[in-house]
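Data first, discussion second: the structure below is written as structure tokens.
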Amino acid sequence: AQFVESGGGAVEIGGSLRLSCEAFDVNFSRLDMGWYTQVPGKQRELVASIDSRNNRNYADSVQGRFTISRDDAKNTVYLQMNRLKPEDTAVYYCNAIGLGGRGAYNTWGQGTQVTVSS
């Protein structure tokens, strides 16, 4: 499995970004997919998930501001991020979702940095 994230950047408070993650060498359409965040000194945290039937779940911290979606024809999962806050600053990764919400694959991508500042 391989995941390639893109779309991060530096934005002001209240701004928007759209992240993309393309997956390779996986049976993508069958996978529950998730976006994870990581900040220095902390473990990766699942913030948004979408299953193979397009059922979505969000962490409380992003509920109402972020939207996860997928395009199975492109093996890609997206994260639309609106009304960004400084606490959204993190490296964002995608992975299939495994037991306990952890990443199903050990091979994480390089991630994409999101920085929100005033």
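Under our numbering, the first residue of the sequence shown is numbered 4, with each subsequent residue one higher.
Positions of the beta carbon are idealized from the N, C-alpha and C atoms, including for glycine.
Model, not experiment: these values are computed from the prediction.
Reference residue i, options the options, closest by Cα
i: D91; options: C24, V65 and R56; result: V65
i: F6; options: C97, P89 and G103; result: C97
i: R105; options: T40, S9, E25 and I16; result: T40
i: V119; options: A107, M84, I100 and L102; result: M84
i: G10; options: R68, G37 and Y95; result: Y95
Identified DSSP bridge partners for residue i
i: L20; result: M84
Opening and closing residue of the beta strand (DSSP E) in which residue i lies
i: T118; result: T115 to S120
i: Y95; result: A93 to A99
To test your reading of the DSSP string, which unbroken beta strand (DSSP E) runs of 3 or more residues are found completely within the region 32-68? 36-41, 48-53 and 59-61
Does the region 99-112 come into contact with the region 73-85, if we say contact requires no fewer than three beta-carbon pairs (one atom in each stretch) closer than 8 Å? no
Counting Cβ pairs closer than 8 Å, one from the region 27-34 and one from the region 44-51, do we hit at least three? Cβ pair count under 8 Å is below three, so no.
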